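Numbering (my numbering), first residue to last: 887 to 1087.
Glycine residues also receive a C-beta, built at the ideal position from the N, C-alpha and C atoms.
Just so you know, these numbers come straight off a predicted model, no measurement behind them.
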Ligand code: VGL
Ligand code: ZN
C-alpha cells in the first residue's frame, strides 16, 4: 500500500499568507493530479492555538529570530495556522475530498510539531504511524510545504520508522531560511529518503 502524504498545503503557507512560502500555491494542481495514483491520500494541517510557543509574538521577539526551547533551538515564526482561522484552512483548490485522513499537529501550546509523526520533542506521537501500520501502508510519497521544515521532519521520521519514503521536490516549496533547504536535503538523503523531481521513483 502506497500513500501520498500531503503536508500543510494551507492558506498561511501560500502567497499572501502569514508565513508565505514562495510559490506555495503552484504545487496545488500537481498534487491534485497525483492523488489518483495512490492507494491512500493523507493530508496534514498545522493547527496552533493562539499564543503558541513557536510564535514570536508570544515572546515579544522578532519573527524569524531564534530561541532556546526545552527540546532545542526554535525558530520564532509569525503567528500562523491558528485553529479555525482562514489561514489554517487548506488552499481552496486542494482536493480535500479525496483525503482518507487529515492529521492535525502543533496543537500543544508548549511545543512545536514540524513532523506529521512526532512533536518536536521527537517522542510525543501524533498517531499517524499507527494509522499507517494498521492500514498496511508501507510506502510513502511526501509533497507539500515547506520542504525544509514540515516535509523534511516528516520524511526523516518516516524513514527512521522504517517506511519506504520518497519526497517529490517538484510538488514542494521551501522557506529556505539561513541555508535550511540545503541542510534539509542533506539530512533527508542521509536518512535514506529518495528525492525525486517529478519522476516516478
Ligand atoms: C511549518 C514553520 C512553522 C511547515 C509549520 O509547515 O513547514 N513551518 N510551522
Ligand atoms: Zn507551525
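Could you round the C-beta distance between residue i and residue j to whole angstroms and report it? I think they count as a contact, below 8 Å.
| i | j | result |
| --- | --- | --- |
| residue 898 | residue 905 | 5 Å |
| residue 918 | residue 980 | 7 Å |
| residue 1022 | residue 887 | 5 Å |
| residue 1026 | residue 889 | 6 Å |
| residue 1010 | residue 991 | With 8 Å as the limit, residue 1010 and residue 991 do not qualify as a contact, their Cβ atoms being about 10 Å apart. |
| residue 1050 | residue 1020 | Their Cβ separation, rounded to whole angstroms, is 17 Å, which puts residue 1050 and residue 1020 out of contact at 8 Å. |
If you draw a straight line from the C-alpha of residue i to the C-alpha of residue j, how long is it?
| i | j | result |
| --- | --- | --- |
| residue 1006 | residue 1057 | 24 Å |
| residue 927 | residue 920 | 10 Å |
| residue 937 | residue 1029 | 28 Å |
| residue 1087 | residue 947 | Summary for residue 1087: the model assigns pLDDT 45, below 50, so the residue's position carries little reliability; its value from the coordinates is reported in the next sentence. Distance between the alpha carbons of residue 1087 and residue 947: 43 Å. |
| residue 1014 | residue 1084 | 25 Å |
| residue 989 | residue 934 | 13 Å |
| residue 892 | residue 1004 | 16 Å |
| residue 895 | residue 913 | 9 Å |
| residue 1000 | residue 916 | 23 Å |
| residue 1031 | residue 1002 | 12 Å |
Please list, in chain order, all residues of the same chain as residue i whose beta carbon is under 7 Å from its beta carbon, the five residues on each side excluded.
| i | result |
| --- | --- |
| residue 996 | 939 |
| residue 1033 | 1055, 1058, 1059, 1060, 1067 and 1070 |
| residue 901 | 910 and 911 |
| residue 908 | 1059 |
Based on the DSSP secondary-structure assignment, which residues constitute the bridge partners of residue i?
| i | result |
| --- | --- |
| residue 1030 | 893 and 1058 |
| residue 881 | In the structure as shown, the chain starts at 887 and stops at 1087, and residue 881 therefore has no counterpart that could be examined. |
| residue 1050 | 1025 |
| residue 1081 | 1053 |
| residue 1004 | 1011 |
| residue 968 | 934 |
Can you list, in chain order, the residues of its chain with a C-beta nearer than 6 Å to that of residue i? Leave out the 5 residues immediately preceding and following it.
| i | result |
| --- | --- |
| residue 964 | 904, 905 and 949 |
| residue 1094 | Because the chain spans 887 through 1087 in this model, residue 1094 falls outside it and cannot be assessed. |
| residue 951 | 962 |
For residue i, which residues in the same chain have their Cβ closer than 8 Å to its Cβ, ignoring the five residues on either side in sequence?
| i | result |
| --- | --- |
| residue 985 | 892, 927, 928 and 929 |
| residue 1047 | 1003 and 1015 |
Can you find at least 3 beta carbon pairs, one from the stretch 1034 to 1044 and one from the stretch 1072 to 1085, that sit closer than 8 Å?
-> yes
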